[in-house]
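Peer 1: One structure coming up, written as C-alpha cells, with questions to follow.
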Amino acid sequence: MSFPRSSPEYVSSVSVDKQIVHPPVAPSSASGNFYGVYLLFCITPQFFGDTYIGFTVDPGRRIKQHNKGVTSGGAYTTNRKGSWEMTLVVHGFPNDKSALRFEWSWQHPKKSRRLAHVPVRRYKKETKFEHALRVLSVMLSVAPWKRLSLTLQWLIPKYIKELPLTPPTHMLIIREEVDLPKYSNHGKMRELSEREALEQLD
4 MSFPRSSPEY
14 VSSVSVDKQI
24 VHPPVAPSSA
34 SGNFYGVYLL
44 FCITPQFFGD
54 TYIGFTVDPG
64 RRIKQHNKGV
74 TSGGAYTTNR
84 KGSWEMTLVV
94 HGFPNDKSAL
104 RFEWSWQHPK
114 KSRRLAHVPV
124 RRYKKETKFE
134 HALRVLSVML
144 SVAPWKRLSL
154 TLQWLIPKYI
164 KELPLTPPTH
174 MLIIREEVDL
184 PKYSNHGKMR
194 ELSEREALEQ
204 LD
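To convert, take the position in the sequence shown, counting from 1, and add 3; that gives this note's numbering.
This is how it looks when you write it as C-alpha cells:
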C-alpha cells in the first residue's frame, strides 16, 4: 500500500534501514521554533575539506554570513577560508540550550562527558568530514540525544553518506536537494556569536 509522502502513514511505512522521508521541513520544537546544528564543508582549494560545526535558527542566512566573513556575522573559524557549503542540518531540539549543548559536544567530542566511553579520536586515514559524520552518528545513539525526535536533513546530494551507526528509528533522515528553510523564531532572527553561545551553556 502506498501513502502520500506528507502523510503520517508514509513516514511510518519507511523501512528502518533507510529511514528516508521526503516531507518539507517544518519547525519541530515544542515551541514551534527552529533550532539547528549544521556541518559546513570548505570548497576553497587551499582549505578544501575543512569542516565547521555551528548552531543556527536560519540555515539559509547563516551560510551567507559564513561566506561573507566575520564582519557580516560569520564565525572567526571560517573567516578568510573562502567558500563553504552547508552539507546537513540536525534539527528538532526542544530549545536553544539543547541545540547549543549538542553543538558543543560535536565540536569538542574528546571533552564531552557524554562521549567519554566511546572512541571519538580521528583515525589516521579519516577525512575531517568523515570524522564529523562518525562523531555525529555516535551522538545520535547515546543519551540524552537518542531520546529526542531529531531530524537529520542532508542539503546537498553530493555529500550524502551512510552514517557508520544507524540512528534510532524514531529519528528522520531527509535525503534530497531542498531550499534552505527560513524561520522567524518569533522575531529572533539574530544568530548567537561564539561567545554568546558559550554563555548560554553556563
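We treat Cβ as the ideally placed atom computed from N, Cα and C, and that holds for glycine. The structure presented is a predicted model; accordingly, all values stated were derived computationally and were not measured.
Could you give the DSSP three-state label for Ile177: helix, strand or coil?
Peer 2: Working through the sequence shown from its first residue, we reach residue 177 at position 174. Reduced to three states, the DSSP call for Ile177 is strand.
Peer 1: Val93 and Leu153: beta carbons closer than 7 Å?
Peer 2: Counted from its first residue, the sequence shown places residue 93 at position 90. Counted from its first residue, the sequence shown places residue 153 at position 150. Yes, the pair counts as a contact, with Cβ atoms nearer than the cut-off.
Peer 1: Expressed to the nearest angstrom, what Euclidean distance is found between the alpha-carbon atoms of Ile176 and Gln156?
Peer 2: By 1-based counting over the sequence shown, the position of residue 176 is 173. By 1-based counting over the sequence shown, the position of residue 156 is 153. Going by the C-alpha atoms only, they are around 6 Å apart.
Peer 1: Cβ of Ser86 within 7 Å of Cβ of Ile46?
Peer 2: As a first step, residue 86 is located in the sequence shown; it is residue number 83 there, counting from the start. As a first step, residue 46 is located in the sequence shown; it is residue number 43 there, counting from the start. Yes; because the gap between Cβ atoms is below 7 Å, this pair is in contact.
Peer 1: Closer than 7 Å by C-beta to Asp53: which residues in its own chain qualify, once you throw out the five before and the five after it? Chain order, please.
Peer 2: Here residue 53 refers to the residue found at position 50 when the sequence shown is read from its first residue. Result list for Asp53: Cys45, Lys84, Lys131, in chain order.
Peer 1: From the DSSP output, which residues share a beta bridge with Val40?
Peer 2: Position 37 of the sequence shown, counted from the first residue, corresponds to residue 40. Phe58, Val93, per the DSSP bridge assignment.
Peer 1: Compare the beta carbon distance of Pro170 and Leu143 with 7 Å and say whether it is the shorter of the two.
Peer 2: As a working mapping, residue 170 is identified with position 167 in the sequence shown. As a working mapping, residue 143 is identified with position 140 in the sequence shown. Their beta carbons are under 7 Å apart, which means Pro170 touches Leu143 by this criterion.
Peer 1: Measuring only the C-alpha atoms, how far is Phe105 from Trp148?
Peer 2: Translated into the one-based positions of the sequence shown, residue 105 becomes position 102. Translated into the one-based positions of the sequence shown, residue 148 becomes position 145. In a straight line, the C-alpha of Phe105 is about 8 Å away from that of Trp148.
Peer 1: Should His69 be labelled buried (16 or more other beta-carbon atoms within 10 Å of its own) or exposed?
Peer 2: By one-based count along the sequence shown, residue 69 stands at place 66. Per the 10 Å Cβ criterion, buried.
Peer 1: Helix, strand or coil, according to DSSP, for Leu155 in the structure here?
Peer 2: For the purposes of this step, residue 155 is identified with residue 152 of the sequence shown, where counting begins at 1. Strand.
Peer 1: Can you tell me whether Glu88 is helix, strand or coil according to DSSP?
Peer 2: On the sequence shown, residue 88 is found 85 positions in, with the first residue counted as 1. Correct three-state label for Glu88: strand.
Peer 1: Shortest alpha-carbon distance to Ser101 belongs to which of Tyr126, Tyr38, Glu88?
Peer 2: Within the sequence shown, the letter at position 98 stands for residue 101. Out of Tyr126, Tyr38, Glu88, Tyr38 has the C-alpha closest to the C-alpha of Ser101.
Peer 1: Mark Ile227 as exposed unless 16 or more other C-beta atoms lie within 10 angstroms of its C-beta, in which case mark it buried.
Peer 2: A question about residue 227 goes unanswered here, because the residues of the chain that appear run from 4 up to 205.
Peer 1: Looking only at its chain, what residues have a beta carbon closer than 8 Å to the beta carbon of Leu118, apart from the 5 residues adjacent to it on each side?
Peer 2: Working through the sequence shown from its first residue, we reach residue 118 at position 115. Answer for Leu118: Ser108, Pro112, Val138, Val141, Met142, Val145, listed in chain order.
Peer 1: Which runs of the beta strand (DSSP E) spanning at least 3 residues fall entirely within the stretch 94-169, listed in chain order?
Peer 2: Whole beta strand (DSSP E) segments, 3+ residues: 154-157.
Peer 1: Could you tell me if Pro62 is buried or exposed, where buried requires 16 or more neighbouring beta carbons within 10 angstroms of its beta carbon?
Peer 2: If you number the sequence shown from 1, residue 62 lands on position 59. By the neighbour-count rule (16 or more Cβ atoms within 10 Å), Pro62 is buried.
Peer 1: Nearest to Met89 by CA position, among Phe50, Met174, Pro167, Arg64, is which residue?
Peer 2: As a working mapping, residue 89 is identified with position 86 in the sequence shown. That would be Arg64, whose Cα lies nearest to the Cα of Met89.
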